[in-house]
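Protein chains in written order, with my numbering: chain A, 1 to 292; chain B, 1001 to 1515. I have placed the structure first, in the form of structure tokens, so that the comments after it can refer back to it.
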């Protein structure tokens, strides 16, 4: 403080002594209300610290007088959400699936809510777009081919009881014999049946082999898959005369399936989701485009 | 010296005693870090600019308070308030114009016009916004008027403030602040009516069942109006507002600004007759301080152009009054450009004060008619006309199509390929309309919608859309792979209004299929 601060001539204001590129900084006094605002923010902060959780301690922070907690706030929000839906959910629980689908409000809500449950429980196998996976053998739910039936009630039953699920007595179940592995058919016979199966959907095939395979098909396969290969949803026997092949539609893939069949499984969801949630899932899956 | 000198540079006086260059820190004469607000008591003034300010205040306040109450018939499906910002419904109504959220660029355009408009006004007449139209100025003016009405003019107010507390002082102060608060409540109250049907909201507000937001908004605006207009006043302009700083960057030597013509005012003298008798030369300024007394921001215009000057020109009115009384020509304080000021000052130096005074260059159309002004006028009008044209030719129907991304396509059991689309038809008119919705291109393509058209797949179907709403629906399109010319196959959805068939929209998209 030994030097006197220089005074700026035009304004008569003291300068701080700081100079940048010849520009000197005026030491203009702050307006006093500015200081009050500063004090007000301090008081506000103190009030905030007292009322809300603020100071971190070893295990948890100081709780604050209002007892606010973001976890409880989230819980409250979740309760509020489920309360706001309870009216629609109870309507869905008491209505039949076709009635829900016919009611635009309920159907729209069921689709949106079902989509969210689908993303939680179904996407792991069926994919986020419900397109399934041919490599892994998970069916595409967008198309119009249904192993176990594509009506609302069929879809609901599959979701509820699962497929080949030992924990559910009413589960969808069926068994395709491993014709090759058990030696029921020779590999030549299997190859001939595969050619016949290819011929059912008009795909490229060996006509002579197909002709030889026809009687084998009628004897071994028609019981479940139908004489024309039209399939049977009550047995989960897929259609063989269409363009959709869960485990592949090449000659090799069909041979492999007849030799040692792959058969899909699916969890039963009744222990995990209530009736309304499963109904909403069924509505959603049905709405993907292939519902019957 | 045996001991090393600790201060070898300190001067030694002739007596051999060392002198220390030091100042007592705790002398009690430190510069102040903070400055309290000194109250300003603007004196009443009459004149051209004061009259203009009254008019502008009346017009702007009338617009602000009355606009939400103007009705506008839009039919049974839309609100009948002329100016309405429907935040919940995401619609903005302004007379015949209705704006949807995606048309918000019109509001952006209005803001750009407001910005260019400020440039234009600044180029033409200087810092007029601050002095005449700024809400801070208008409400402060209104609040000062209330003070004058209740207590009296400048001297009465100073006298009251300096007097000890008495029943009369309390009564007057309470009256002033009560009226201020009433105005503040009305100001906040008027604001909320822009966001809901005004008569309905007023009823709800009075009965106490309006939305909490309404009460909070009124409370906040009441607080700010009362504080900024009654207590802070010029502090807002001097310390808070960025506009004076921006404004300074837009001024040039041809910008009109309130100027003290020191070339004819100085040397100022309160005793010009005695000075004349003594043979001393005096200027026109008789140092009566009328210009200071009327100033709402508490400055002395004779110190020159300065940031807190809002160029309200009340000092011009005050000084012209004095000049007439002293028999001098008006314009000692005047709207003048720096260039004119320099010209006048130069003439005063070369030809003498008398010549300069009689030939004083005063502002006229010359100051307004300059390239900058024309440029800004052109720009401002171009944006305005552009927006008007855009509003007049804009569509009131919009069709948006979002193809499914997951899965891109679905193989159906009969071998055909299906694509899914989420379609939105926006009916932006407040009447229910039915639209024909169809495929353009994609030979062999057929479509259906689980939400609207569940019959046999078709090339087109009807979509009724409620008034002023968006209808969103899923559309499935299928076609045989053999019918596709390329993958992905471009095609379009098209929709047109039934009945008079006035409006149509077409949105291109693609059909995906396995490669």
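From the three backbone atoms N, C-alpha and C, an ideal C-beta is built for every residue, glycine too.
- A distance below 6 Å between beta-carbons, with the five flanking residues on each side excluded, links residue 1069/B to the following residues of its chain, in chain order: 1198.
- For the segment 1382-1410 of chain B, the residues whose beta carbon sits under 7 Å from a beta carbon of chain A are, in order, 1406, 1407, 1410.
- For the segment 1202-1225 of chain B, the beta-carbon criterion of a distance under 9 Å to any beta-carbon of chain A is satisfied by none of its residues.
- Membership of residue 1158/B in the alpha helix (DSSP H) is indicated by the continuous run 1154-1162.
- Near chain A, meaning a CB-to-CB distance below 8 Å, the residues of the segment 1410-1441 of chain B are 1410, 1411, 1412, 1413, 1414, 1415, 1418, 1420.
- Between residue 1513/B and residue 1417/B, the C-beta spacing is below 8 Å.
- Under the three-state reduction of DSSP output, residue 246/A falls in the coil class, being neither helix nor strand.
- Each residue's CA atom was taken as its position, placing residue 265/A and residue 185/A some 26 Å apart.
- Straight-line measurement puts the Cα of residue 1453/B at about 39 Å from the Cα of residue 1388/B.
- Restricting attention to 1346/B, 1427/B, 1316/B, 1305/B, the CA atom closest to the CA of residue 1044/B is found in 1316/B.
- For the pair of segments examined, the segment 1077-1095 of chain B was found to touch the segment 1426-1438 of chain B: the number of CB pairs separated by less than 8 Å reaches three.
- Beyond the five residues adjoining it in sequence on each side, residue 1294/B comes within less than 7 Å, by CB distance, of 1042, 1043, 1045, 1314, 1315, 1318 in the same chain, given in chain order.
- Going by beta carbons, residue 143/A and residue 1410/B fall inside the 8 Å limit.
- For residue 143/A, the secondary structure class from DSSP, reduced to helix, strand or coil, is coil.
- Sorting 1367/B, 1320/B, 1323/B, 1328/B by C-alpha distance to the C-alpha of residue 1341/B places 1367/B at the top.
- About 4 Å separates the CB atoms of residue 1297/B and residue 1234/B; that is less than 8 Å, so the two are in contact.
- Burial check for residue 89/A: the Cβ neighbour count within 10 Å reaches 16 or more, so the residue is buried.
- The beta carbon of residue 97/A sits no closer than 8 Å to any beta carbon of chain B.
- Residue environment for residue 1263/B: buried (at least 16 other C-beta atoms within 10 angstroms of its C-beta).
- Interface flag for residue 29/A against chain B is set, since a Cβ pair is found closer than 8 Å.
- Residue contact with chain B for residue 35/A: present (Cβ-Cβ distance below 8 Å to some residue of chain B).
- Per DSSP, residue 33/A is not a residue of any beta strand (DSSP E); the alpha helix (DSSP H) it occupies stretches across 32-51.
- With respect to chain B, the C-beta atom of residue 190/A has no partner C-beta closer than 8 Å.
- In the structure shown, the three-state DSSP call for residue 233/A is helix.
- Membership of residue 1344/B in the alpha helix (DSSP H) is indicated by the continuous run 1338-1351.
- A contact between stretches requires three or more CB pairs, one per stretch, nearer than 8 Å, and the segment 232-245 of chain A meets this requirement with the segment 145-156 of chain A.
- For residue 1283/B, the closest alpha carbon among the candidates 1274/B, 1216/B, 1353/B, 1343/B is that of 1353/B.
- The alpha-carbon of residue 292/A is positioned some 27 Å away from that of residue 1510/B.
- Look at residue 83/A here: in three-state DSSP terms it is helix.
- If you draw a straight line from the Cα of residue 1222/B to the Cα of residue 1053/B, it is about 24 Å long.
- Secondary structure of residue 1497/B (DSSP, three-state): strand.
- Secondary-structure assignment with DSSP links residue 1489/B through a beta bridge to 1511/B.
- Among the CB atoms of chain A, none fall inside 8 Å of the CB of residue 1488/B.
- Counting the other CB atoms within 10 Å of its CB gives residue 1123/B a total of 16 or more, which places it among the buried residues.
- The Cβ of residue 1476/B sits closer than 8 Å to at least one Cβ of chain A.
- Residue 1469/B: not part of any alpha helix (DSSP H); member of the beta strand (DSSP E) spanning 1469-1479, first to last residue.
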